[in-house]
Structure formats: C-alpha cells, structure tokens
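Here the structure comes first, spelled out in structure tokens, and everything after it is commentary.
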C-alpha cells in the first residue's frame, strides 16, 4: 500500500457532499484521502475494490471508508448509478462523545458496509439532503453527518452488513499522525512510544502495509509537500519549517538530492512556466 503510487483526494471543508446520477462509473485507479468517506448507494450495480477486498452487488448499501483506505468503485455504463458521497473531517467527529457516536468498530477495520431496508434508505437519503442544505454551517453539517453515521452503525449492528478488516489497522493511525505532524521531528522511537509497539514490529508492519520503509515514506511525503508549497508561492524558509526541517541548509541539501535541483532553481523554473 504505497500511497505515493495512488491518487490522493483532499477537500477544503470539514463536511462536503455530492449527489451523482450517472450512466455507470469508471474509476480505473485506487485513491485515498485523509478523511472519512461515507458512500450511500441508492441504486445501480457496482463493484467496490479496496486493497484488501472486492465486493459486487446491485442492492442499495452504505459504505464508510476509514482515512487512508485505498479504494475504487466501478459500475456498468449500461445502467444508472445513483449515490451520495460525503466526506467528513476526522476532527469533526471529535465533537461527539463515544456515547453519542461510537466509532470503535473501526479499530480493526478499514471499511464498514451496512445494508439498509427501503425505509432506512429513505431516512438516510433525507439526512443526505439535509447535509446538502446545511453543510455550509459546520455545526449543522456535523450534526446531520453524526445522525447519518449513527443510523448506518445501527443498521450494521443489527446484523445487516460487514466489516472489512485489515491486519495493520493501527498503521492507518500512524499515517494520520505523520500527516498531522509533518512539521515535527517524527522519529520512529517517538511513534513507538505513542502507539505502544516495539521498534522492530512498527518497522515491519509499516513496510508490509505501506510498501516502503518508514524513513523513505516520511522523506517522500516531506519532499512532495515541500514541492507543492514552493509551487504555490511559499518561501524556502517557510516551506522547510512546515515540512519538518529546522535547518534551511539541511532542507536545501535534501531537496537537491531528492529532486535534482535546489529549491531556488525550482522556484525560478516554476515562475517561468
């Protein structure tokens, strides 16, 4: 699961929703995002593919994807495929206590599926429309998202659904922590203490789940982010601090070794485009 080889999707708002009705759906690539995604399939045939499973059906369903879960969905173009796609910032869920919204079932899973009946699907569609109407209001959007998640979890807990597990679920939390703290030193020893695992286990699990070593992954992430910042107009010092380099000279050296040119030359080239 080398995330650098796949498509990353990000959004600028804590809550967002799209309703799509199309002649099928073609998604040849796996993609991922650092937020929760809730997919409410109203009608159509489809195959959902993740890095751990394939699921094919022609029945309505709700899928909740945990952050950093690689997935894609394809639907035959000879039929109509109707769905709502909701993205939910993980920090938004912290507004609700576990007593109100218990997401603990994701401890050992990447994806949850729930199979609503007709009445439950109608209720979920109504909640989706409320999210569309009030999503611009963070509090209202969070409330309607929580209601939709609570309803979906209730359907699953009634025995109608499935958890798609992963052997390396805690690595998803490690990846999230790295992303949220990219400006910090992020030593592997610190991560071992934070997640309560030994150095050898974390290194082995990380490489098995992500497809590369921890050191290389962090280097790739920092250099890719640094390039994005410089392209968007950030200065060399600001970019270096944001991606975790305390020394400007160290950042310039690392950037040149990674990209084959200095940050200054890269900026000048980008400005001439």
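Numbering (our numbering), first residue to last: 17 to 289. Don't be surprised by glycine CBs; every beta carbon is placed ideally from N, CA and C.
Under the three-state reduction of DSSP, which class applies to residue i: helix, strand or coil?
i           : result
residue 224 : helix
residue 45  : coil
residue 73  : strand
residue 195 : helix
residue 62  : strand
residue 32  : strand
residue 52  : strand
residue 248 : coil
residue 38  : strand
residue 202 : coil
residue 180 : strand
residue 207 : helix
residue 20  : Low per-residue confidence applies at residue 20: pLDDT is 48, beneath 50, and the placement is therefore not dependable, though the value from the model is reported in the following sentence. In the structure shown, residue 20 sits in a helix (DSSP, three-state: H, G or I).
residue 84  : coil
residue 234 : helix
residue 190 : helix
With a threshold of 16 other CB atoms inside 10 Å of the CB of residue i, please say whether the residue is buried or exposed.
i           : result
residue 91  : buried
residue 220 : exposed
residue 19  : Because residue 19 carries a pLDDT of 48, less than 50, the predicted location of this residue cannot be relied on, and the following value inherits that uncertainty. It is buried - the Cβ of residue 19 has at least 16 other Cβ atoms within 10 Å.
residue 60  : buried
residue 157 : buried
residue 230 : buried
residue 266 : exposed
residue 66  : buried
residue 170 : exposed
residue 152 : exposed
residue 285 : exposed
residue 21  : For residue 21, the pLDDT reaches just 48, beneath the cut-off of 50, and the residue's location in the model is therefore unreliable, although a value from the coordinates is still provided. Exposed is the call here.
residue 105 : buried
residue 81  : buried
residue 237 : buried
residue 149 : exposed
I believe residue i touches residue j by the beta-carbon criterion, under 8 Å. Please report the beta-carbon distance rounded to the nearest angstrom.
i           : j           : result
residue 256 : residue 264 : 5 Å
residue 58  : residue 117 : Actually they do not touch by this definition, with Cβ atoms about 23 Å apart.
residue 103 : residue 46  : Going by Cβ atoms, the distance from residue 103 to residue 46 rounds to 17 Å, so no, they are not a contact pair.
residue 279 : residue 192 : So it is not a contact: roughly 27 Å between Cβ atoms.
residue 89  : residue 64  : 5 Å
residue 54  : residue 135 : Incorrect: roughly 19 Å between the Cβ atoms, too far for contact.
residue 260 : residue 202 : 6 Å
residue 167 : residue 198 : At roughly 35 Å, the Cβ-Cβ gap does not stay under 8 Å, so residue 167 and residue 198 are not in contact.
residue 319 : residue 56  : It is not possible to answer for residue 319, since the shown part of the chain is limited to 17 through 289.
Measure from the alpha carbon of residue i to the alpha carbon of each residue in the options, then state which is nearest.
i           : options            : result
residue 62  : 78, 157, 49, 47    : 78
residue 217 : 198, 186, 122      : 186
residue 100 : 36, 215, 245, 211  : 36
residue 178 : 131, 198, 212, 214 : 131
residue 85  : 286, 56, 243, 51   : 51
residue 288 : 129, 127, 249      : 249
residue 222 : 199, 189, 149      : 189
residue 242 : 283, 209, 81       : 283
residue 38  : 93, 245, 128, 69   : 93
residue 180 : 29, 69, 44         : 69
residue 41  : 125, 76, 98, 121   : 98
residue 95  : 110, 74, 111       : 74
For the segment 91 to 175, list the beta strand (DSSP E) runs that are entirely contained and at least 3 residues long, ordered along the chain.
Runs of the beta strand (DSSP E) lying entirely within the segment 91 to 175 and spanning at least 3 residues, in chain order: 125 to 130.
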